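Note that this note's numbering has the sequence shown beginning at 11, numbered continuously upward.
Virtual Cβ for every residue (Gly too), placed ideally from N, Cα, C.
Owing to the predicted nature of the structure, the values given are computational and were not obtained by experimental measurement.
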Amino acid sequence: MSKIEKKMEEKMGRIEATLEGFQREMKEMMSEVKEIGRTVKSIEEKVEKHEKILSILSEKVEKNSMTLNGVQRKVNSSSEEVKEVSEKIKYMEERLKRQRKEL
């Protein structure tokens, strides 16, 4: 074999080794990409689950808010009733005082 052929063979060997190295790196990168894909999918599933939970909680908050508004109306109504009864008691006490004075 001539010198040129030997050098060409050596260069081809180095090129093949480099190519094999690149192929290994590509396989590793593809493996990493697949792992990242699985991680992203897992995160998306968790986000979806949390969105459902938030939706349920939002509905519960809305219901509780409506209940609270109803309770507040009842409290206000009861407060008015207490006020009316208190005024009646005051009126009755004054009436009683006048009647005692008359006696």
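Reduced DSSP secondary structure (H/G/I, E/B, other) of residue i
i	result
Met-40	helix
Leu-106	helix
Ser-12	coil
Leu-113	coil
Hey, which unbroken runs of the alpha helix (DSSP H) at 4 residues or more fall wholly within the stretch 73-105? none
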